[in-house]
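2 protein chains.
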Amino acid sequence: MPTIEDVAREAGVSASTVSYALSGKRSIRQDTRQRVLDAVERLGYLPNASARMLAAKRAQIMAVTAPLHPDTDQSAHMVFALEVTKAARAHGYDTLLLVDDDASEGMRRSAATALADGIVVLDVAAHDERADLARALNHPAVFIGIPDRTDGIVCVDLDFAAAAREAVDALVAAGRRRIGLISHPRTAVLRESNFPLRFRDAFAAHTRELGLSPAVAYPDLHAADRALEDLLAVLPDLDGLVLNTTEEVAQSALDGLAARGMTVPGDVAVVAAGVAFPTSRLSITLDTIPLDAAASCGKAVEILAGIVEDGLEAPGVTLIPPTYLSHGSVVPAAPRPA
Amino acid sequence: MPTIEDVAREAGVSASTVSYALSGKRSIRQDTRQRVLDAVERLGYLPNASARMLAAKRAQIMAVTAPLHPDTDQSAHMVFALEVTKAARAHGYDTLLLVDDDASEGMRRSAATALADGIVVLDVAAHDERADLARALNHPAVFIGIPDRTDGIVCVDLDFAAAAREAVDALVAAGRRRIGLISHPRTAVLRESNFPLRFRDAFAAHTRELGLSPAVAYPDLHAADRALEDLLAVLPDLDGLVLNTTEEVAQSALDGLAARGMTVPGDVAVVAAGVAFPTSRLSITLDTIPLDAAASCGKAVEILAGIVEDGLEAPGVTLIPPTYLSHGSVVPAAPRPA
DNA sequence: TGGCGCTGTCGAAGCGCTTCGATAGTGTGT
DNA sequence: ACACACTATCGAAGCGCTTCGACAGCGCCA
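Those sequence lines, one after another, are chains A and B. Heads up: the first sequence begins at 13 in my numbering, then just goes up one per residue. Heads up: the second sequence begins at 13 in my numbering, then just goes up one per residue.
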């Protein structure tokens, strides 16, 4: 591999001139710059990464950490890791994947060894040890997801509350007033990430604001049938359904409606909101407010790059505004039989 | 962050002594080493990664490249990326995730800048430009998957041929002799990765060896029904079925059997072989010879670490022996009605 | 007791880059 | 013609580590 000295010799200038010609940090005469660029081209020069890191105190690397609970579905987080990687690349960073069993070890190591300039934290739990670590570490970090305590850390996430309101509004606009929500399993709502709570609470508040009676049900781990039962007990003439749940449970809910002879969107208008899967994979393609990995990750990387490069003041919590995608599963209610 | 000089001062020795005490590359008196270790502990010292890389000409980083076709299911490859990361960590390496649209750009860059010591190549196609690149690059690389031309490159993959034979043997041992194979869609078989071919050819050869008439069918993109039809046209009294296909098609095949009133394993014994999904997710948990990401990735990383660290001669193609997992979907045939 | 080989430690060089300060060269206003 | 500001370039220092060669101190054998 050629070094900067080789390029300098080839171009008939000094190494520092090559460096400045390539970085643009000092003015270089146009023809000199061109000779340097030609030499670079001819030799196929790329600066050695470690030398550059050492001298510039900048690695151009972002670490991304995904904890490794055996129970969670890995591939879901991996999609986020992928999106972070794409976004980071667009900002000129490479991405280091950290998946240690000890969630903190990788963060600590990549910070202490200056291997990465910043860290993107995925799959954030309500009580996440990595939040404390981030506060202590004095190393740029951005969380995708929001833990309970957000002081001293930087977070990005979909605005689940707004998503809930928008889902309700869409149903109400279609004349639906008996609206239920199928949320996540109770255990998940209580223990893990807190977005199900944010969604549920906004759903309840907003329906109440609109003079409706909120009905929320929690599915079992994989099936929605009992949840649907619960909903129908409270709202026998259910005509709107919000799904903030997994793909499996969503499909199960649709199956449950079909089994009861209830049509979508005729009898029940349905919208999936704050969900990570494309509804086109369901038996009926639903209107959806997606949890868009690319959007969250793009924003997170942008913020992180700003902190690293310009020492920008870190914004606290950044909420991504929801986007409503129409697929025909919400239409005006048929006139009710009198 | 403390430097090696800080540790040296704290321990009352020179920097080189600290280095040797930590690396073990020269003998250090026991009590001196202990003083160094204590100082390291007290200061929380971790060596700066870039300085270490620059001096040692070793990054302790492996790159993993997954090409970014929009059509392919990303999360599947991401599981491999995850397994590579885990295995690499166990060998003391971190993992750089490369997902450039231009599949080669990241490889070229990480090699030329010496950012990574080696590259693990995922999702290898039959004709993969990255194979040519690897030959040209003179940088350690291991492919997970096998392109058509394997000269000059290092590959690891499941032994699909052996898997096919083992699947057939299991069915034959259960007294099944009218055995069909549902492979991948024809287009995939011809254009993309070549393992479907390796599997199919071994299936055909081995059934023929055993005096059976091989029947192979190719599903449509998502459904197996026509393939099943094709199979039954050739083998009306099908009693053994091998699935080397996607989860979706496998489920569709089971549905097809059920729709025809054929029971598993009573009428038809079924085994899924060389498949990346757990058969427990199907409506019937099938005997399976899994395509085990952890096994392939572990082996690949081990080989790569050997090349990087000890300049080991690179083995050409390493085939992972298949493992048969029994789940009761292959049982002896009922006595045939005379 | 002198020479020899070990063992344990140190100093210095060097990895390839960035960046600071110095300086030669150029043009401008007086 | 001279001082002055500016531009373009260079040399050298330094980032924090690894590693090589040197060598002091030691025990051992002759």
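Just so it is clear, CB atoms sit at the ideal spot from N, CA and C, and this is done for glycine as well.
Practice task
Rounded to whole angstroms, what's the CA-CA distance from SER35(B) to SER341(B)? Just pull it up for me.
Solution key: Whole-angstrom Cα-Cα distance: 53 Å.
Practice task
If I'm right that LEU250(A) touches VAL280(A) with Cβ under 8 Å, what's the distance once you round it to whole angstroms?
Solution key: About 6 Å separates the beta carbon of LEU250(A) from that of VAL280(A), a gap short enough to meet the 8 Å contact definition.
Problem - Minimum C-alpha distance to LEU55(B) - residue among THR107(A), ALA124(A), MET13(A) - result: Among THR107(A), ALA124(A), MET13(A), the Cα nearest to that of LEU55(B) is on ALA124(A).
Practice task
Give every residue of the same chain whose Cβ lies closer than 7 Å to the Cβ of ALA126(B), excluding the five residues on either side of it in the sequence, and list them in chain order.
Solution key: Excluding its 5 nearest sequence neighbours in each direction, ALA126(B) has C-beta neighbours in its own chain below 7 Å: ALA71, listed in chain order.
Exercise for the section: Look up THR300(A) in the DSSP assignment and say whether it is helix, strand or coil. Expected result: Reduced to three states, the DSSP call for THR300(A) is strand.
Handout entry: Interface positions of the stretch 120-132 of chain A facing chain B (Cβ-Cβ less than 8 Å), listed along the chain
Key = Listed by position along the chain: ARG121, SER122, ALA124, THR125, ALA126, LEU127.
Problem - Interfacial residues, the stretch 207-230 of chain A to chain B, with Cβ spacing under 8 Å - result: Of all residues in the stretch 207-230 of chain A, none is placed with a Cβ closer than 8 Å to any Cβ belonging to chain B.
Practice task
Check whether the stretch 156-174 of chain A touches the stretch 109-121 of chain A, taking contact to mean three or more Cβ pairs, one atom from each stretch, closer than 8 Å.
Solution key: The stretch 156-174 of chain A is not in contact with the stretch 109-121 of chain A.
Practice task
Could you spell out the range, first to last residue, of the alpha helix (DSSP H) harbouring THR44(B)?
Solution key: 42-55 is the extent of the alpha helix (DSSP H) around THR44(B).
Handout entry: As assigned by DSSP and simplified to three states, the class of ASP213(A)
Key = Correct three-state label for ASP213(A): helix.
Practice task
Assuming SER338(A) contacts ASP304(A) (C-beta within less than 8 Å), just tell me the rounded distance between them.
Solution key: Between SER338(A) and ASP304(A) the beta-carbon gap is near 16 Å, outside 8 Å, which marks them as no contact.
Exercise for the section: Would you be able to state if there are at least three C-beta pairs under 8 Å between the stretch 149-157 of chain A and the stretch 171-189 of chain A? Expected result: Too few Cβ pairs lie closer than 8 Å, so no.
Problem - Collapsed DSSP secondary structure at LEU250(A) in the structure displayed - result: Taken through DSSP and simplified to helix, strand or coil, LEU250(A) comes out as coil.
Exercise for the section: Could you name each continuous beta strand (DSSP E) segment of 3 residues or more that falls completely within the stretch 71-113 of chain A, going from the start of the chain to the end? Expected result: Counting only runs of 3+ residues, the beta strand (DSSP E) found wholly inside the stretch 71-113 of chain A occupies 73-77, 106-110, in chain order.
Problem - N- and C-terminal bounds of the alpha helix (DSSP H) containing PHE6(B) - result: Outside the shown range of chain B (13 to 350) lies residue 6(B), about which nothing can therefore be said.
Problem - PRO79(A) versus ALA93(A), LYS69(A), ALA67(A), ILE73(A), residue with shortest Cα-Cα distance - result: Across the set ALA93(A), LYS69(A), ALA67(A), ILE73(A), the C-alpha of ALA93(A) shows the shortest separation from the C-alpha of PRO79(A).
Exercise for the section: Could you tell me which of ASP237(B), LEU183(B), GLU260(B) sits nearest to ARG379(B), measuring between CA atoms? Expected result: Here chain B has residues from 13 to 350 only, and residue 379(B) is not among them.
Exercise for the section: Note down, in chain order, all residues in the stretch 317-342 of chain A with a beta-carbon under 8 Å from any beta-carbon belonging to chain B. Expected result: Listed in sequence order: no entries.
Practice task
Could you please give the first and the last residue of the uninterrupted alpha helix (DSSP H) stretch that includes ALA148(A)?
Solution key: That run of the alpha helix (DSSP H) goes 141-149.
Problem - Distance between GLU260(B) and ILE16(A) (C-alpha atoms, nearest Å) - result: In this structure, the CA atom of ILE16(A) is about 53 Å from the CA atom of GLU260(B).
Handout entry: Nearest to ARG45(A) (by Cα), restricted to the options MET274(A), GLU22(A), SER87(A), PRO333(A)
Key = Taking each of MET274(A), GLU22(A), SER87(A), PRO333(A) in turn and checking the Cα distance to ARG45(A), the smallest one comes out for GLU22(A).
Problem - Other residues of its chain near GLU178(B): CB distance less than 8 Å, five sequence neighbours each side excluded - result: Same-chain partners within the cutoff: ALA285, ILE301, PRO334, TYR336.
Practice task
Pick out whichever of VAL91(A), LEU108(A), MET13(A), THR199(A) has its Cα sitting closest to the Cα of PRO231(A).
Solution key: Of the candidates VAL91(A), LEU108(A), MET13(A), THR199(A), the one whose C-alpha sits nearest the C-alpha of PRO231(A) is THR199(A).
Practice task
Quick one: grab the DSSP three-state call for THR219(B).
Solution key: Reduced to three states, the DSSP call for THR219(B) is helix.
Exercise for the section: Using alpha carbons as the reference points, say which of THR297(B), ASP144(B), ARG101(B), ILE40(B) lies closest to ASP163(B). Expected result: Checked all of THR297(B), ASP144(B), ARG101(B), ILE40(B); the closest Cα to ASP163(B) is ASP144(B).
Exercise for the section: Check whether the Cβ atoms of ASN256(B) and LEU193(B) sit closer than 8 Å, and answer yes or no. Expected result: Their beta carbons are under 8 Å apart, which means ASN256(B) touches LEU193(B) by this criterion.
Exercise for the section: Count the other C-beta atoms from every protein chain shown that fall within 10 angstroms of the C-beta of VAL30(B), then say buried if there are 16 or more, exposed otherwise. Expected result: VAL30(B) is classed as buried because its beta carbon has at least 16 other beta carbons within 10 Å across all chains shown.
Problem - Cα-Cα separation between VAL184(B) and VAL91(A), rounded to whole angstroms - result: Spanning the two alpha carbons is a distance of roughly 41 Å.
Practice task
Can you tell me which of PRO159(B), THR258(B), ALA99(B), ARG147(B) puts its alpha carbon nearest to the alpha carbon of PHE367(B)?
Solution key: In this structure chain B extends from 13 to 350, so residue 367(B) is not present and cannot be described.
Exercise for the section: Determine the DSSP secondary structure at GLY268(A), reduced to helix, strand or coil. Expected result: It is helical.
Handout entry: Residues bridged to LEU224(B) [DSSP beta-bridge criterion]
Key = Its beta-bridge partners do not exist; DSSP assigns none.
Problem - Near-chain B residues of the stretch 98-115 of chain A (beta-carbon distance less than 8 Å), N- to C-terminal order - result: Taking 8 Å as the Cβ-Cβ cut-off against chain B, the residues of the stretch 98-115 of chain A that qualify are LYS98, ARG101, ASP106, THR107, LEU108, LEU109, LEU110, VAL111, ASP112.
Practice task
Report the option in ILE73(B), LYS69(B), ALA63(B), ALA67(B) whose CA atom is closest to the CA atom of LYS69(A).
Solution key: When only C-alpha atoms are compared, the closest one is ALA63(B).
Handout entry: Contacts of SER87(A) in chain B (Cβ-Cβ under 8 Å)
Key = Using a Cβ-Cβ cut-off of 8 Å, SER87(A) is close to SER87, ALA88, MET90, VAL91 of chain B, given in chain order.
Practice task
Please report how far the alpha carbon of VAL254(A) lies from the alpha carbon of GLU204(A), in whole angstroms.
Solution key: In a straight line, the C-alpha of VAL254(A) is about 21 Å away from that of GLU204(A).
Handout entry: Rounded Cβ spacing between ALA306(A) and ILE332(A) (contact assumed at less than 8 Å)
Key = Their Cβ separation, rounded to whole angstroms, is 10 Å, which puts ALA306(A) and ILE332(A) out of contact at 8 Å.
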